[in-house]
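Below you'll find the structure, written out as structure tokens, and then a few comments.
In our numbering, the protein residues as written are 531 to 806.
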């Protein structure tokens, strides 16, 4: 693998070969190994209509949250050809619905994220992010990448998502340097890919060794392990095609959102500034 060609390119052009070229591997995990839980959490406060209706019930008095959920769900599942996808809007809505955006955490869509690859400044492009603000500055907490061709197209979204995590780590350590703090040796970013309303979850640990290797175009000695979690939907093909439209799929995915939130809090602990 050390002999593979490495050339500077933006994150949206990364492919599985770039992962091999930088010794990055993706490992699938189940509920217990990914979340460190025996089972997915029981949800207490999901609005009734969202939990019990495939589509918005006709004639029912819906809350604003319920109305928005079904509107975003429909928009994400029914993309108009040649028009910008609404998928990232749905992702941002779900993050807000589960309070990922509290305590100075803010959700945004569409973010260019510069980093260095093979000695050249390039950019990754996140479709949605969660950041934590510190005055006028911020650090990255969570990343979302749309699988624009769909999961069944053969075009893998993970390489671009991992490039975003490298850019996020680069940025977060630059902020620490600005605050006269030592750089972190690693950070684990919670991340997601989404196609329609089908979501796959990831934990992406970026190290200084990997960052230096990408910047210089060299092969790192140690592997970078990315953990992937596909929600345990009984009919996997149904999930890839219909996402969270079927109620059984939706309930499991909403439980995953609740469980996944713990990793945002863990990352935020490394963003607390103790120096001025």
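For every residue, glycine included, the Cβ atom is placed at its ideal position computed from N, Cα and C.
Computed from a predicted structure; not experimentally measured.
Where does residue i fall in DSSP's three states?
i, result
"residue 664", "strand"
"residue 629", "coil"
"residue 673", "strand"
"residue 731", "strand"
"residue 557", "strand"
"residue 652", "strand"
"residue 806", "Its pLDDT being 43, under 50, residue 806 is placed unreliably by the model, and the measurement read from it follows with that caveat. Here residue 806 sits in coil by DSSP."
"residue 683", "coil"
"residue 763", "coil"
"residue 607", "helix"
"residue 530", "Because the chain here runs from 531 to 806, residue 530 falls outside it and cannot be looked at."
"residue 751", "coil"
"residue 785", "helix"
"residue 616", "coil"
Bridge partners of residue i, per DSSP?
i, result
"residue 800", "Note: residue 800 sits in no beta bridge, so no partner."
"residue 658", "639 and 674"
For the beta strand (DSSP E) containing residue i, list its first residue and its last residue.
i, result
"residue 591", "Run containing residue 591: none; DSSP gives neither H nor E here."
"residue 539", "First-last for residue 539: undefined, no H or E at that position."
"residue 716", "716 to 725"
"residue 755", "754 to 759"
Suppose contacts are defined by Cβ-Cβ distances below 8 angstroms. Is residue i in contact with residue j by that definition?
i, j, result
"residue 727", "residue 620", "yes"
"residue 676", "residue 721", "no"
"residue 754", "residue 554", "yes"
"residue 629", "residue 640", "no"
"residue 731", "residue 759", "yes"
"residue 623", "residue 646", "no"
"residue 723", "residue 687", "yes"
"residue 625", "residue 662", "no"
"residue 695", "residue 673", "yes"
"residue 536", "residue 648", "yes"
"residue 643", "residue 590", "no"
"residue 541", "residue 654", "yes"
Return the first residue and the last residue of the alpha helix (DSSP H) that residue i is part of.
i, result
"residue 769", "766 to 772"
"residue 689", "688 to 708"
"residue 561", "561 to 565"
"residue 645", "Looking at the DSSP string, residue 645 is not in any alpha helix (DSSP H); the run it does join, the beta strand (DSSP E), is 635 to 647."
"residue 745", "738 to 746"
"residue 578", "578 to 582"
"residue 551", "546 to 551"
For residue i, which option in the options has the closest C-alpha, if you only look at C-alpha atoms?
i, options, result
"residue 742", "575, 699, 683 and 787", "699"
"residue 736", "577, 691 and 666", "691"
"residue 651", "762, 731, 693 and 799", "693"
"residue 572", "793, 544, 678 and 788", "788"
"residue 783", "797, 597 and 766", "766"
"residue 734", "670, 631, 746 and 780", "670"
"residue 750", "739, 756 and 757", "739"
"residue 777", "581, 566 and 567", "581"
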